[in-house]
Structures are given as structure tokens and as C-alpha cells.
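Working notes, structure below.
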DNA sequence: GATATCCATAAGTGGTTACTTATGGAGTAA
DNA sequence: TTACTCCATAAGTAACCACTTATGGATATC
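Chains as they are written, first to last, in this note's numbering: chain U, 1 to 106; chain L, 1 to 106.
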């Protein structure tokens, strides 16, 4: 199984909010920090986690850094979920609600 | 946006391992505990989180409880990821690598 | 009955982590 | 240069969480 750091990255509500803001267009760190109820360093730290999970990339322009979502990390997560989904659906379709009546080993 | 407790539930490596074991067929708590390197109470606690996220259900049979994956929680997570994916791809196709040259407000 | 198995919950603990404030480097404008 | 903006990093802290052991209820077996 892949590293799936994207899963842990998106599990945090604040980071998920950040990512959702970045999924359509780019934002600077300052823009993100003023809208969220956390400090600028907190935003920078979250963005680093999102970067490490390859969910976002950034681009410097002067002193500002424009962050935006990138498909890489999300594609990996999407493939993983899809694999699970196929397996679960298949097993569910087989539908063995009564498990094999294994008794405990004496 | 939905609650997405499934995201947090699957973010933990141990819980992910548990879920991956349950995605094809049912297992008792004891079976899971003996294979994983954690105690039985730890497994029970993890299963509760997976249950609350509607990723698994259980079925009592005597003193044993058979756990198995259920599509509900995963379907919700899958829809969420798919929404993100569409948005990211669309924005990425639009491809505005050079952000609008906004200058700082004086 | 007595005893053993299976499991959930309670309670406690160490490690992680999401925050804070403080600080400084890099770039811009006067 | 000086002064200002933007941002990343350092350091510290409080809250959370994934684990542990202890325990007891429910069921099965003797």
C-alpha cells in the first residue's frame, strides 16, 4: 500500500479547510491566514504538511507564495479509496451475512 | 460538507490495517487481535471508531462479534474525494500557473 | 451449579500534534 | 540605507489520542 500521507493530511479539519480553499484557485499564505481563525505560522505549518503529501504546490512571486492544489497526492488517495470501494462492494454483493459457523478451538 | 469521520478513522495506520482486513470478509475481534500487534481492548476501541464512521458493522453470534466492512461510510468518503478531484482537475486544466498579479494593498 | 471464553468499557499514561509567540531572512519601496 | 511586508522556522505548551492493564457482563461448556 502507498504511503497515503494525503489521508492523514486531510484528516485535520483546519487542513481540510485550507485544501478546500486551494482546490479551485491559488491563494497566498496571508490570504489564507486572514480568513482562517489561526495564526499565520499555523497556516504555514499546515501548508507544509499538505506539500509533503503532494496535495498542494507553491510558487514564489516576490515575497509572496501562491499555493494551489495539485492532482498528485489526491490521485493517489483516490486510487486507494477506489480499490477499497471495489473490494467492499464485491464482498457486500457476495453477501455472507451469516459467517461460517466456526466454533472456538478447544 | 459531510462529517467525514471516515477520513479521520482511516488516517490511523492500525485502524486502516483493521479495515483492510475487514473489507473482504468478516472477522471476530479475537481474530483481529491475535494477528495485530495490539491488545484486544485496543482492537475494540478501534472498531468502535470504525463503527461510528459507518465503515464497519458487527453481528453478534454467541459471545463473538463478527465485524465486516459496510459501504456506507466509504461511499460518503468516496463522493467527497470525487468532488475534490473534479474541482482540482478542472482548476488544473484551466492552468493559471501565473496567478493574477495582485499587488499588496497599500 | 462452576468455569472458561469473548468482548466492551474504565482508567491511566506516554507520545504526538495543532496551536501559540518570537524571530529573522528575503524581497519591495521610500 | 531604512523601513515595511511576507513568510518560514524555532521553541514551548496544552490537548488529544493510541495504547496499556484491570475489570466485569454475557455466553458457552463442563
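Where a beta carbon is used, it is the ideal one built from N, C-alpha and C, also for glycine.
I'd like the span of the alpha helix (DSSP H) that includes residue i, first residue to last.
i                     : result
residue 8 of chain U  : 5-11
residue 95 of chain L : Residue 95 of chain L -> no alpha helix (DSSP H), and no H or E assigned at all.
residue 32 of chain U : 29-35
Name the DSSP beta bridge partners of residue i, please?
i                     : result
residue 59 of chain U : U/66
Tell me whether residue i sits in a helix, a strand or coil according to DSSP, three-state version.
i                      : result
residue 42 of chain U  : helix
residue 79 of chain L  : helix
residue 16 of chain L  : helix
residue 21 of chain L  : helix
residue 54 of chain L  : coil
residue 89 of chain U  : helix
residue 102 of chain L : Here residue 102 of chain L scores only 41 on pLDDT, less than 50, and its place in the model should not be relied on; the value that follows carries that caveat. Looking at residue 102 of chain L - three-state DSSP - the assignment turns out to be coil, as it is neither helix nor strand.
Q: Give the residues from the stretch 63-87 of chain L that approach chain U closer than 7 Å (Cβ to any Cβ), ordered along the chain.
A: Those residues of the stretch 63-87 of chain L placed with their C-beta closer than 7 Å to a C-beta in chain U are 66, 69, 71, 74, 77, 78, 81, 84, 85 and 87, ordered along the chain.
- Task: Can you give me, in chain order, the residues of the stretch 3-28 of chain U that have a beta carbon less than 7 Å from any beta carbon in chain L?
- Result: The stretch 3-28 of chain U vs chain L, Cβ under 7 Å: 7, 8, 10, 11, 23, 24, 25 and 26.
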